[in-house]
Structure formats: C-alpha cells, structure tokens
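Step one of this worksheet: look at the structure below.
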Amino acid sequence: MTKSASRHPGFSGVGLRRIEQMMENYVAEGKSAGMLTLVSREGSTAQLSCRGYADIASATPIRENTMFRIYSMTKPITSVALMTLFEQGHFQLDDAAKRWIPALGKLEVYPQGRIDSDITIRQLLTHTAGFSYGFEPETYPVDQLYAEIWRQRIHEQTLEQIMQTVLELPLFAQPGTLWRYSIATDICGYLVELISGMPFADYLQQTIFDPLGMVDTAFAVSADKIDRFATLYGFTEDDPLAQIETIDRSPFISAISGVPVRLHSGGAGLVSTANDYWRFAQMMLNRGELEGQRIITPATVSLMTRNHVPEKLLPLSFNGIVPGAFSGHGFGLGYCINMDPANTGAAGSRGDFGWGGLADTYCWVDPEKSLVAILMQQYIPSLYHAGRRDFRDSVYAALT
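The opening position of the sequence shown corresponds to residue -7 in the numbering used here, with each subsequent residue numbered one higher.
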C-alpha cells in the first residue's frame, strides 16, 4: 500500500520514491520483515508507504492500521504527561523527586555509598539521575542487577511493584554526574500517577490520547485488534530474521494469554500505529496543539525541546552500545535534540528532536522544515541495521 504524493509541495516526487526503494531494499535483503514510513510537512501527508509483512508466516502485509510495539517511543508521551502537571504548578523541574517518592532519598551509588545530592525531576526527564537500564551486564556489576528486572515476568506486575524493585537497586552514578539512558522515564510515569492521583494509563487516556484522537494507542492490544498487531522479528545467530515474539505469546495481548497486562511502563509500554503517533508528533510540531485541542503550552514545548544536559556531560554516549550514535546531540525533557547537524553523521536540522524504540521504530520532528517523519517496523536489536539513518537521509534528500 502506498499513499505517496508525486507532487507534494516541498518534496520531490523522485525523492519520495527513493524512500520507498529504500524500504523495498531492506525487506528484500532480509533486514526487516516489513516497514511503514509516514512523512508530512506543514501538517499534510506527503508519503505513507508500506512494504513487506506484519507477519511472514501468514503473509499478512504491513498496512496503514498495523499496530506496533513502540517501546521507548513511549518516553516522549510520558514526558509530556509529566509536563502537563508541571504546567498545573505541582512542581518545579529542580524539585527533589523524593517529595513524592521518599525512597529516592535513600538510594546508594555503586560502589561509593549514599547519594550526595537529591535526584531532581529534571534529572529523571533527562537521564542524568544516575539510573541505568542493564544493557552492559558483562561490563558493570550494577547493570547485572538492572538486567535481572527484564528477566522477570514484568507484565504481570504493576507499575508500583516494579518501582519497588528498581528503588532497591544502587545507582550507576551520582545524580547529575553522567548522562546514561535508563529506567528513569518509568519513574516519571510513576510520578504522574502519584502527583495526579490517577492510574497512569487513565491519565494518559484523559490528558493525551482522547484529546488527540489516538484511538489505537494503549498498554495492551484489545481482542478486536489482535489481527492488526505485528509479529516481532530480530537477529539471532541462526537466523537474521527470526521470530522473537509471536502474537500468541505476546505479553501485550491478555485476550490470548489470559494474563492481564498490569504493567503500565512509562518507558517502553505502549503499542500504537503510525497514524496515532503522527497525531502526537504533529501536536509537538504545532507547539502543543492539534485540531483545536491544546495539550501543553508553546512555552512548555520550547522548554522540552532544548538541551538540558550540562556541557560537561556531553557528548552523549548510548551506554556503550552504539559508539558515536548521538554525536552532535543533547537531550531535552524526553527528547534527543539535534544541536550540531554537521557532527551527527546524518541529515537533519539544528533543533530537530525525536526518539526511537527497541524494535527500531523511530520518529523525529523538524520545526525548521515543518516536518514530521515516522518509521515503523518490528526488528530487534534496535540500530542493528542503519534503517533510521537511511530513512533520515532519504527524507532530507527528498526536500525541495
């Protein structure tokens, strides 16, 4: 399926077709089971293209309404939710988060001992609070402890239960001394729950999803949408396109497993569609508003989409996994920020912002170009192939 405008203002028809050719190449070469790309400018869709399969075994194609695990693309949504509470006057960014979560004031740092300063909400939003994710267990003893979290049946636990586990672990670093991608955004989701007095999922539904018309975004796939949910693939030693998670074994589908999805993870818990996520991203491009529904103010959008990481903590290093992946970037309140396009290794504009997910989904917003671009697929590990960079380069090459 392709919805590609051959004569869209601001894009070359030839350039848009090259994006589709890039997608076809990835599928043909076995680098992805299927891809969906959505590109818009000034709120108008220039391209919506699908290539390959949502499920190879059943030959189910990727479609416009295919649902994807967006994993860490949940983080910007959680960050916006927390910032709506900032706008309501519940906190300042440099307030100590222990006001709502007392355990944050009792943490220890491996191997030094007690923390020497309070963890702030700004630090939680910017991954400078000292937490980790467990991506390097063979290198760091602390990451061995974080990695153990993901070996549990976490979808059967509540957000509060997971937080109790996390808050018993030592920090990777003293607060404010290191940028390290981490579980901190899950703590932000927990803060939303505690500050608002509402279940986190309900707050997202009421404050973001319903106003924006995001009808397919949730922490679980409902029974009537199972046939739209893509299979998860990835690289293994035996198969570069192996099934990693089939629909009948997905923790996102309680209708099949019989186990309710109890964990509402602010860091990686949502499923969504390209169209739904576009509505969220376009709201950010519109400085907080979409179709008459204001989610946050222009001032808050500006605050979120500028760098908050101190110069001494730059350049960002993605937990040792992809050296140089974030050269030229800073980090805002939930978003990676392009600060120096010449040093990023990919096309882009100063001030563009975005984030991706574990299954190599990706979205960025470019205010200078009035651009939103979304890549959806289901392939792990993220960044194993250069699909995000190739997509970015193809999009900017298509601009006129």
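Virtual Cβ for every residue (Gly too), placed ideally from N, Cα, C.
Source: prediction; values computed, not measured.
Between the C-alpha atoms of residue i and residue j, what's the straight-line distance to the nearest angstrom?
| i | j | result |
| --- | --- | --- |
| LEU74 | ASP230 | 42 Å |
| THR228 | TYR63 | 20 Å |
| PRO211 | HIS256 | Note that residue 211 is Phe in the sequence shown here, rather than Pro. Spanning the two alpha carbons is a distance of roughly 6 Å. |
| GLN198 | ALA89 | 24 Å |
| ALA390 | ALA20 | 22 Å |
| ILE175 | LEU159 | 11 Å |
| GLY97 | ILE111 | 8 Å |
| THR131 | ASP208 | 39 Å |
| SER242 | PHE60 | 12 Å |
| ARG10 | PRO103 | 51 Å |
| HIS0 | ALA38 | 6 Å |
| MET(-7) | LEU40 | Bear in mind that a pLDDT of 40 at MET(-7), under 50, signals an unreliable position, so the model cannot answer this. |
| THR392 | ARG381 | 19 Å |
| ASP216 | PRO333 | 44 Å |
| GLY189 | TYR327 | 26 Å |
| PHE164 | TRP171 | 10 Å |
| VAL322 | ILE179 | Before going on, a small fix: residue 322 reads as Gly here, not Val. GLY322 and ILE179: Cα-Cα distance of roughly 21 Å. |
Look at the Cβ atom of residue i, then the Cβ atom of residue j, and state whether they are nearer than 8 Å.
| i | j | result |
| --- | --- | --- |
| ASN330 | GLY343 | yes |
| LEU28 | THR58 | yes |
| LEU305 | THR120 | yes |
| PHE345 | GLY324 | yes |
| LEU30 | TRP356 | no |
| THR223 | ILE239 | yes |
| ALA317 | THR66 | no |
| TYR18 | ASN311 | no |
| TYR376 | ALA351 | no |
| GLY258 | THR76 | no |
| GLY2 | ARG33 | yes |
| ASP268 | ALA338 | no |
| TYR182 | ILE107 | no |
| TYR195 | VAL184 | yes |
| MET14 | PHE383 | yes |
| GLN115 | GLY35 | no |
Let me check one thing: in DSSP terms, what residues is residue i bridge-paired to?
| i | result |
| --- | --- |
| GLU281 | ARG286 |
| ASP47 | THR52 |
| TRP347 | CYS355 |
| LEU367 | THR29, TYR354 |
| TYR36 | Note that residue 36 is Ser in the sequence shown, not Tyr. Note: SER36 sits in a beta bridge opposite ARG33. |
| ALA88 | THR112 |
| LEU163 | VAL101 |
| PHE221 | MET59 |
| PHE211 | In the DSSP output, where bridge partners are listed per residue, PHE211 has none listed. |
| GLY322 | ILE329 |
| VAL158 | Answer by DSSP bridge pairing: none, since VAL158 is not bridged. |
Can you have a look at residue i and say buried or exposed, based on whether 16 or more other CB atoms are within 10 angstroms of its CB?
| i | result |
| --- | --- |
| ASN299 | buried |
| TRP142 | exposed |
| VAL314 | exposed |
| VAL6 | exposed |
| ASP202 | exposed |
| ALA25 | buried |
| THR336 | buried |
| THR150 | exposed |
| ALA49 | exposed |
With DSSP run on the structure shown, which of helix, strand or coil describes residue i?
| i | result |
| --- | --- |
| HIS300 | coil |
| ALA338 | coil |
| GLY7 | helix |
| THR394 | The shown model of the chain, from -7 to 392, leaves out residue 394, and the question about it has no answer. |
| MET27 | strand |
| GLY226 | strand |
| THR131 | coil |
| GLY379 | helix |
| THR292 | helix |
| THR(-6) | The predicted position of THR(-6) is uncertain, since its pLDDT is 45 and thus under 50; a value taken from the coordinates is nonetheless stated next. Correct three-state label for THR(-6): strand. |
| GLY97 | helix |
| MET59 | strand |
| LEU183 | helix |
| GLU148 | helix |
| GLN80 | coil |
| VAL253 | coil |
| SER264 | strand |
When you measure from the CB of residue i to every non-hydrogen atom of the ligand MG, does any distance come out below 7 Å?
| i | result |
| --- | --- |
| ASP216 | Absence of the ligand MG from the depicted structure is noted, as is the absence of any ligand whatsoever, leaving it without description. |
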